[in-house]
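A.B. asks: Below you'll find the structure I mean.
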Amino acid sequence: MMHDPKALIASQQPKSLLQELKDKRFSRQNIRFFIKREDLIHNMISGNKWRKLTYNIRHILSQNYVGLVTFGGAYSNHIAASAAAGKAFGIATVGMIRGEETLPLNATLRFALECGMTLHYISRTEYRKRYDSIFLENMKRCFPGFYIIPEGGANHLGIEGCKAILHERESWDIVAVSCGTGSTMAGLIHSVSDDTLVLGFPALKNSEDISQKISLWCPGRYQWRIECGYHFGGFARYSKVLCEFICDFKRRFNIQLDPLYTGKLFFGIMDMIDKGIFKAGSRIVAIHTGGLQGIHGFETRYGESLTG
Ligand SMILES: *Cc1c(COP(=O)(O)O)cnc(C)c1O
């Protein structure tokens, strides 16, 4: 099932599995519920990160950049994916990591190092400047010949790649996706028909930022909404209820969710289904964006079991 990273720049994006989930919670409301298994694309270049890196890597290779510089937290799925992609294509990678170095390194950063990524730690104050033009100009001077990819792979090339997630010619009433930067959601909004509603479930508290970015990225598109009630207190915040939900989901469907993104998404969409928010007969697809590389790090850090 796993794809060869070299296929990142192949002309065709991989087609991930579309699976229907059967459960009383859906049939009771006369809902058909599907899951898009982007998590199965690759274990480290996972789900939406593969989509977002595709055209970025192609751009780097075609423009003869020597490498890429990108940004992320210490457990970032995007950092892991960028490091793995860099290794696969022989591109130098630099990760600007938020906060101070903590030793021993967690599994995500150890993996990045093993892939050959150079890690630089920047203070949270510095990290906040990551979108400022002066800061970025300075980056370019420090790393001549490197292409700068924003945090989460959230640039136009990233959004372009996410248009390939729903490749099937299915008509959906609802597409549900987790949001960090919102760029995956933006790609989905561009790729669905006008009568599909795209629901974004932010993994962090500040959903106004996401709404603003979606509006900028998707001018003239209005069939979307941000569901801000399921962030569980903010990014990487969680509760026992969320952990139990993730374990229950695994037992029921044999599909692993992660606690940062997809756990919150599936909790949210299933809660909305239970509440009868969607009309009978609705066809809903939720995107499993992957992110499972960080799960053991999460379990060790918080002493929670999520893998059953
Ligand atoms: C990065 C990530 C997201 C967030 O994607 P955005 O495009 O930044 O909104 C969602 N789910 C998983 C598993 C991720 O790793």
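With the first letter of the sequence shown counted as 1, position 160 gets the number 160 in the numbering used here; the numbers rise by one all the way through.
Cβ coordinates follow ideal geometry from the N, Cα and C atoms, glycine included.
Remember, predicted model here, so these are calculated numbers, not experimental data.
Among Leu68, Arg251, Leu242, Lys275, which has the Cα closest to the Cα of Pro259?
C.D. replies: That would be Leu242, whose Cα lies nearest to the Cα of Pro259.
A.B. asks: Would you call Thr382 buried or exposed, if buried means 16 or more other Cβ atoms sit within 10 Å of its Cβ?
C.D. replies: Not covered by the structure: residue 382. The range shown for the chain is 1 to 308.
A.B. asks: By the three-class DSSP mapping on this structure, what secondary structure does Ala236 have?
C.D. replies: The answer is coil: DSSP assigns Ala236 none of H, G, I, E or B.
A.B. asks: Could you tell me if Gln212 is buried or exposed, where buried requires 16 or more neighbouring beta carbons within 10 angstroms of its beta carbon?
C.D. replies: When all chains shown are included, Gln212 counts as exposed.
A.B. asks: Is Cys228 close to ligand 1? I mean its beta-carbon at under 6 angstroms from any heavy atom of the ligand.
C.D. replies: No; taking the cut-off as 6 angstroms, the Cβ of Cys228 has no heavy atom of ligand 1 nearer than that.
A.B. asks: Rounding to the nearest angstrom, what Cα-Cα distance links Cys115 and Asn106 in this structure?
C.D. replies: Cα-Cα distance, rounded: 14 angstroms.
A.B. asks: So within the stretch 204–286, which uninterrupted beta strand (DSSP E) runs reach at least 3 residues, ignoring any that extend past its ends?
C.D. replies: Correct list: 224–226.
A.B. asks: Tell me whether Met44 sits in a helix, a strand or coil according to DSSP, three-state version.
C.D. replies: Three-state result, Met44: coil.
A.B. asks: When we look at the beta-carbon of Ser62 and count the other beta-carbons within 10 Å, is it buried (16 or more) or exposed?
C.D. replies: Classification for Ser62: exposed.
A.B. asks: Tell me whether the stretch 22–40 and the stretch 267–282 touch, counting them as touching only if at least three CB pairs, one residue from each stretch, are closer than 8 angstroms.
C.D. replies: Touching, yes.
A.B. asks: Give a single yes or no on whether Gly220 has its beta carbon closer than 6 angstroms to a heavy atom of ligand 1.
C.D. replies: No, ligand 1 has no heavy atom inside 6 angstroms of this Cβ.
A.B. asks: Using only the heavy atoms of ligand 1, determine whether one of them is closer than 6 angstroms to the beta carbon of Thr181.
C.D. replies: Yes - ligand 1 has a heavy atom lying nearer than 6 angstroms to the Cβ of Thr181.
A.B. asks: Skipping 5 residues on each side, what residues in its chain have a beta carbon closer than 6 angstroms to that of Arg225?
C.D. replies: Leu199.
A.B. asks: If you check the beta carbons only, do Leu68 and Thr93 fall under 7 angstroms apart?
C.D. replies: In contact: Leu68 and Thr93 (Cβ atoms closer than 7 angstroms).
A.B. asks: Just to check, is the beta-carbon of Tyr261 closer than 6 angstroms to a non-hydrogen atom of ligand 1?
C.D. replies: Flag set: Cβ of Tyr261 near ligand 1.
A.B. asks: Alpha carbon to alpha carbon, how far is Ala236 from Phe201?
C.D. replies: Roughly 14 angstroms separates the two Cα atoms.
A.B. asks: Indicate, with yes or no, if ligand 1 has a heavy atom lying under 6 angstroms from the CB of Leu77.
C.D. replies: A small correction: the amino acid at residue 77 is Asn; Leu does not occupy that position in the sequence shown. Asn77: yes, Cβ under 6 angstroms from ligand 1.
A.B. asks: Using the Cα positions of Ser11 and Ile269, report the straight-line distance between them to the nearest angstrom.
C.D. replies: Low per-residue confidence applies at Ser11: pLDDT is 48, beneath 50, and the placement is therefore not dependable, though the value from the model is reported in the following sentence. Going from the Cα of Ser11 to the Cα of Ile269 covers about 33 angstroms.
A.B. asks: So what does DSSP say about Arg301, is it helix, strand or coil?
C.D. replies: If DSSP states are grouped into helix, strand and coil, Arg301 belongs with the helices.
A.B. asks: Using a threshold of 6 angstroms, is the CB atom of Ser178 nearer than that to any non-hydrogen atom of ligand 1?
C.D. replies: True, at least one ligand heavy atom lies under 6 angstroms from that Cβ.
A.B. asks: Out of Pro14, Met117, Tyr55, Thr54, point me to the one whose CA is closest to Lys36's CA.
C.D. replies: When only C-alpha atoms are compared, the closest one is Pro14.
A.B. asks: Checking the sheet assignment: what are the DSSP bridge partners for Tyr121?
C.D. replies: Note: Tyr121 sits in a beta bridge opposite Ile97.
A.B. asks: Whose C-beta lies closer than 7 angstroms to the C-beta of Ser46 among residues of the same chain, with five residues either side of it excluded?
C.D. replies: These residues qualify, in order along the chain: Asp39, Asn77, Ala81, Gly290, Gly291, Leu292, Gln293.
A.B. asks: For a quick check, are the C-beta atoms of Ile210 and Gly182 less than 7 angstroms apart?
C.D. replies: Yes, Cβ-Cβ distance for Ile210 and Gly182 is below 7 angstroms.
A.B. asks: Below 8 angstroms, can you find three or more Cβ-Cβ pairs linking the stretch 245–254 to the stretch 125–142?
C.D. replies: No contact exists between the stretch 245–254 and the stretch 125–142.
A.B. asks: As a quick exercise: from Thr118, Phe135, Tyr261, Phe33, pick the residue whose alpha carbon is nearest that of Lys205.
C.D. replies: Among Thr118, Phe135, Tyr261, Phe33, the Cα nearest to that of Lys205 belongs to Tyr261.
A.B. asks: Are the stretch 52–62 and the stretch 155–172 touching, with three or more C-beta to C-beta distances below 8 angstroms?
C.D. replies: Yes: at least three Cβ pairs fall under 8 angstroms.
A.B. asks: Mind pulling the alpha helix (DSSP H) runs of 4 or more residues that sit fully within the stretch 144–198?
C.D. replies: Listed in chain order, the complete alpha helix (DSSP H) runs (minimum 4 residues) inside the stretch 144–198 are 156–162, 183–191.
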